[in-house]
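2 protein chains.
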Amino acid sequence: MSDHVHTTADLTKNQSLVMGALAKASGPLSAYTILDELRDHGFRAPLQVYRALDKLVEYGLVHRLESLNAFVACSHAECEGHGQTAFTICQSCGDVTELADDDLAVRLKSLAARSGFTVRHSTVELRGTCRDCAAG
Amino acid sequence: MSDHVHTTADLTKNQSLVMGALAKASGPLSAYTILDELRDHGFRAPLQVYRALDKLVEYGLVHRLESLNAFVACSHAECEGHGQTAFTICQSCGDVTELADDDLAVRLKSLAARSGFTVRHSTVELRGTCRDCAAG
DNA sequence: ATCGCACACGTTATACCATTACACAATCAT
DNA sequence: ATGATTGTGTAATGGTATAACGTGTGCGAT
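Take a look at the structure:
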């Protein structure tokens, strides 16, 4: 591992398997769903999934959705670099979309800074109705 | 219950007990912590807590912190009305502070609206370091 | 070369968070 | 009174996450 930018090429076997499961999924997956999908590949215990997820999140390849207790592959080719990500979560169809707005990041940081708080990581999850479900 | 504005006076016995536990706590409490604190008052099962919490959250008297799986009493006397709340969560001392910024709400709504998404509820949780911990 | 270290991995057990299902009681409008 | 709604109590279960242990492997420093 030559530097701190990770791509899928750098991953260990377990990390690759978990990343693969998330990448081919259409939406977020829970750790236990991933476990079930990987039993054929030798996965036996939750910890194998959680350990891989921890690293993938650390590398910025995967995001954790706090309000769903689930995980999604980052939709940006190289996620490293944009500190702020927001998600929309449709309560009707379950669709999750990743929004990137650098200005939002700045705004949140400065809002927090007003009370002397330094932001390290931010969670922004918007629940509501997506365009398709509103139309249907 | 004459209208849809709830205050602590409107609460049922269980709701009052849970509200009381949260109100006198210095920070967020998990449902099971609340359960333990209320055993002396007859609480026996998690569901008693969760049912009360559901209502209190619905009434806007309590907020749920998704990233902590915990709950806090709203710090504003009358929380009903400000649609958007953001939290700072200090990773060092655990302190949780509620920020209100109406402009942020507008901004998030319009950001989502750009992709046709209608926001019903938003979660904004900023993790980092509070002023005191940065100074210490 | 081999020792020590860091790191990924495997397994079991456990802790923690939340809901389902069923039954009973209180309240209120008709 | 009756039925609808809401709150309550209890037991059982399901879902999420970590602790604690041990093993193996790669690799740099001595």
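Residue numbers (the numbering used here), protein chains in the order written: chain A, 1 to 136; chain B, 1001 to 1136. Glycine included, every Cβ here is placed at the ideal spot set by N, Cα and C. Since the model is a prediction, treat every value here as computed from it, not as a measurement.
The beta strand (DSSP E) runs lying completely inside the stretch 1042-1066 of chain B and spanning 3 residues or more are 1062-1065, given in chain order. Per the coordinates, the alpha-carbon of C93(A) lies some 15 Å from the alpha-carbon of F87(A). Apart from the 5 residues on each side of it in sequence, F43(A) sits with its Cβ closer than 6 Å to the Cβ of L35 in its chain, given in chain order.
Neighbourhood of L17(A) in chain B, by CB distance below 9 Å: empty, with the nearest CB roughly 26 Å away. In the structure shown, C1090(B) adopts extended strand secondary structure according to DSSP, grouped into three states. If the five residues before and after L1104(B) are omitted, its C-beta is found closer than 6 Å to the C-beta atoms of Q1084, all from its own chain and listed in chain order.
For H121(A), DSSP records a beta bridge to R1127(B). Within the model, the alpha-carbon separation for I89(A) versus G136(A) is close to 17 Å. Remark: C-beta atoms of R1127(B) and G116(A) do not approach each other more closely than 8 Å. The secondary-structure analysis by DSSP pairs L1029(B) across a beta bridge with F1071(B). Of all residues in the stretch 1115-1134 of chain B, the ones placed with a Cβ closer than 7 Å to any Cβ belonging to chain A are S1115, G1116, F1117, T1118, V1119, R1120, H1121, S1122, T1123, V1124, E1125, L1126, R1127, G1128, T1129, C1130, R1131, A1134, in chain order. For D102(A), no Cβ of chain B is located within less than 8 Å of the residue's own Cβ. For E1037(B), the nearest beta carbon of chain A is not closer than 8 Å to its own beta carbon. Of the candidates K24(A), V106(A), A23(A), V18(A), the residue whose Cα lies closest to the Cα of A31(A) is V18(A).
When DSSP states are grouped into helix, strand and coil, L38(A) belongs to the coil group. Within chain B, the C-beta atoms nearer than 7 Å to that of S67(A) come from E1066, T1123, in chain order.
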